[in-house]
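Working notes, beginning with the structure itself.
In mature numbering (1 follows the signal peptide of the UniProt record, and there is no 0), the protein residues as written are -19 to -1, 1 to 513.
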């Protein structure tokens, strides 16, 4: 494996505790597309790669006709020569027809027997882009298309399809397994029928006309230009995967690292606009699509409602790669990069916000960023030869866990029926769970945080007093060293022989009669990603 050096930038922001829990980027079926990079006829061939990361042992992965078996935490790279070409539509030599689709079969199918993460990498000459690929079961049927940004040398003059840097932006629509009808609504309305795994491209005008893609079945949608002008009279690929439409307004924090010379491309049910970014206010609110643009980079922004706890950052051989993390400034402890906890960072206050930032260099070929107790947003960006590229990092888990990155979250269940302490053990086992043993102080705190949201009540936990010695012990045989007894508890050996936990502010314990009918807390531990 190649070793890379990346610089880590943290931007920290409050997460909404009442927000809808985010999903993740994992799945078992993906359709990957590589947008045209510079120009399909360019003399230097593209290097297009599909990166696959396994989250479980014995994961069988198939990319096109190539098959490999990977274990937890392993990443493999698959090469492909599949790439989209210029739109093949009539009358496109001088004036682009904006209501005509070009359809092809230029996609790469990725399947697996267990959940995986899929990322795409495309490089031609100095034109580099990375992308997170969303699994087919997490796509949408409605997408707001952002307006075309103002780019000197690309969108500031006449559109000429035959000159790659002067050609129009395009919307790329990737179909999944079933036949699908897709409609593009802009200045007019046009539809296309796509077969399984097909991809459609359509040009979009250089204005702020509100544009929407709607489909019969879920699709992926990308916003792209093959060779937008950047710096030093060079052009390169711009691309961003768009999120499905939302049904409510949400807030998007803008990373300060990228705020200089940036604008925000916004589109929702009402309007479409390009807004220069105000450095004194880096929080954008919208119910639609929000994409940050700066020369060389289109970056889909992550709303607070989609913060998560564990992310995978792609493998890059670059000295100028950055990870941008967004989390509450009161939650700076508990951030980990792989197996190492962040130590003594230099924090920078972002005036007027709840954000702080710091830099850290990291050496790794694949980086896992996770938080013990909070959620955050994570991006990967890089700058090579003054050319930017990057994407939101892949979400592995949305559930914080002090033990690591939980690819399968712990199960904590307060049963609806009350039992004796002994009966509770059997009731939990009937659901392939166990009566919970809280033998670790951090574990106690994590469980208390989850359970005390319920109304105050008593629940059985897996601790009992020995009839022979009078000593307390855990059902899982862990040492009985960390305790959380309430004031005055426990009583003497002549009192209760079992223990209950009160779901109040600090989840204190007390001894209780083992025959009393009380609801048990049943538990199953998480499956953690192997970290190197």
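The beta-carbon is built from N, C-alpha and C at its ideal position, and this holds for glycine as well.
Keep in mind the model is a prediction, meaning the values are calculated, not measured.
By how many angstroms is the C-alpha of residue 100 removed from the C-alpha of residue 35? What you label residue 35 is simply residue 54 of the chain shown in a count that begins at 1. What you label residue 100 is simply residue 119 of the chain shown in a count that begins at 1. Computed Cα separation, rounded: 12 Å.
Notebook entry, point to check: Do you know offhand how far residue 508's Cα is from residue 489's?
Noted result: Taking the chain shown and counting its residues from 1, one reaches residue 508 at position 527. Taking the chain shown and counting its residues from 1, one reaches residue 489 at position 508. Whole-angstrom Cα-Cα distance: 28 Å.
Exercise for the section: Compute the distance between the beta-carbons of residue 481 and residue 491, then report whether it is under 8 Å. Expected result: Numbered from 1 along the chain shown, position 500 holds the residue referred to as residue 481. Numbered from 1 along the chain shown, position 510 holds the residue referred to as residue 491. Result yes, Cβ atoms of residue 481 and residue 491 sit closer than 8 Å.
So, for residue 174: in the same chain, excluding its five sequence neighbours on each side, which residues have a beta-carbon less than 6 Å away from its beta-carbon?
Sequence index remark: in the chain shown, residue 174 carries index 193 (1-based). For residue 174, where only same-chain residues beyond five positions count, the Cβ hits under 6 Å are 162.
**Asked** If you check the beta carbons only, do residue 525 and residue 8 fall under 8 Å apart?
**Response** Only positions -19 to 513 of the chain appear in this structure, which leaves residue 525 out of reach.
For the beta strand (DSSP E) containing residue 123, name the first residue and the last one. Here residue 123 corresponds to residue number 142 of the chain shown, with the count starting at 1. 121 to 126 is the span of the beta strand (DSSP E), which, as asked, contains residue 123.
Own chain, CB closer than 6 Å to residue 354, minus 5 neighbours either side, in chain order: To locate residue 354, count along the chain shown from 1; it is residue 373. Hits under 6 Å: 315 and 381.
Q | DSSP state of residue 512 mapped onto helix, strand, coil | A | On the chain shown, position 531 is the one that residue 512 refers to. Coil at residue 512, not helix or strand.
Have a look at the DSSP bridge pairing and note the partners of residue 50. In the chain shown, the residue the question calls residue 50 occupies position 69. In DSSP, residue 50 forms a bridge with 41.
Euclidean distance between Cα positions of residue 149 and residue 18: Mapped onto the chain shown, residue 149 falls at position 168. Mapped onto the chain shown, residue 18 falls at position 37. Whole-angstrom Cα-Cα distance: 14 Å.
*asked:* According to DSSP, simplified to helix, strand and coil, what is residue 204?
replied: On the chain shown, residue 204 is found 223 positions in, with the first residue counted as 1. Reduced to three states, the DSSP call for residue 204 is strand.
Beta strand (DSSP E) containing residue 164: first to last residue? Here the question's residue 164 lines up with position 183 in the chain shown. That run of the beta strand (DSSP E) goes 161 to 166.
Would you identify the three-state DSSP class for residue 266, choosing helix, strand or coil? Your numbering for residue 266 matches position 285 in the chain shown. Residue state, collapsed to three classes: strand.
Practice task
Using beta-carbon positions only, say whether residue 248 and residue 378 come within less than 8 Å of one another.
Solution key: To locate residue 248, count along the chain shown from 1; it is residue 267. To locate residue 378, count along the chain shown from 1; it is residue 397. No.
**Request:** Apply the 10 Å Cβ neighbour rule to residue 466 and answer buried if 16 or more other Cβ atoms are within range, or exposed otherwise.
**Result:** As a working mapping, residue 466 is identified with position 485 in the chain shown. Answer is exposed; the Cβ neighbour count stays below 16.
### Query
What separation, rounded to the nearest whole angstrom, lies between the Cα atoms of residue 2 and residue 356?
Taking the first residue of the chain shown as position 1, residue 2 is located at position 21. Taking the first residue of the chain shown as position 1, residue 356 is located at position 375. The predicted model places residue 2 with a pLDDT of 37, which falls under 50 and marks its position as unreliable; any figure quoted below should be read in that light. Rounded to whole angstroms, residue 2 to residue 356 spans 10 Å at the Cα level.
- Say whether the region 423 to 440 touches the region 393 to 405, bearing in mind that this needs 3 or more beta-carbon pairs closer than 8 Å, one atom from each stretch. yes
- Query: Who are the near neighbours of residue 461 in its chain, counting only those whose CB is closer than 8 Å to its CB and skipping five residues on each side?
  - Reply: Taking the chain shown and counting its residues from 1, one reaches residue 461 at position 480. Cβ neighbours of residue 461 beyond the five flanking positions: 420, 444, 452, 453, 454 and 455.
Q.
Residues in the same chain with beta-carbon distance under 6 Å from residue 476, minus the five sequence neighbours each way, listed in chain order, please.
A. Stepping through the chain shown from its first residue, residue 476 is reached at position 495. 492, listed in sequence order.
**Q.** Ordered list of alpha helix (DSSP H) runs contained in the region 403 to 482, each at least 4 residues
**A.** 422 to 432
Practice task
With distances taken Cα to Cα, identify the nearest neighbour of residue 223 among 127, 69, 137 and 311.
Solution key: Sequence index remark: in the chain shown, residue 223 carries index 242 (1-based). Checked all of 127, 69, 137 and 311; the closest Cα to residue 223 is 127.
If you measure between the beta carbons of residue 187 and residue 144, is that distance less than 8 Å? Here residue 187 refers to the residue found at position 206 of the chain shown. Here residue 144 refers to the residue found at position 163 of the chain shown. No, these two residues do not count as a Cβ contact at 8 Å.
*Nearest neighbour of residue 318, chosen from 292, 424 and 97 [CA to CA]*: Position 337 of the chain shown, counted from the first residue, corresponds to residue 318. Cα-wise, what sits closest to residue 318 is 292.
Residue 243 beta carbon less than 8 Å from that of residue 302 = Within the chain shown, numbered from 1, the residue matching residue 302 stands at position 321. Within the chain shown, numbered from 1, the residue matching residue 243 stands at position 262. Going by C-beta atoms, residue 302 is not nearer than 8 Å to residue 243.
- prompt: Got a sec? Which residues, its chain only, sit under 7 Å from residue 26 by beta carbon, not counting five neighbours each side?
  reply: Position 45 of the chain shown holds residue 26. Within the same chain, residue 26 has no close Cβ partners at all.
What's the C-alpha gap between residue 33 and residue 402? Against the chain shown, residue 33 aligns to sequence position 52. Against the chain shown, residue 402 aligns to sequence position 421. So the alpha carbons of these two residues sit roughly 46 Å apart.
- List the whole-angstrom C-beta distance separating residue 304 from residue 350, where the pair is believed to meet the contact cut-off of C-beta under 8 Å. Against the chain shown, residue 304 aligns to sequence position 323. Against the chain shown, residue 350 aligns to sequence position 369. The Cβ separation is near 6 Å, so the contact holds.
Query - Integer Cβ distance of residue 245 from residue 258, believed to fall under 8 Å - result: For the purposes of this step, residue 245 is taken as the residue at position 264 of the chain shown. For the purposes of this step, residue 258 is taken as the residue at position 277 of the chain shown. About 6 Å; that satisfies the 8 Å criterion.
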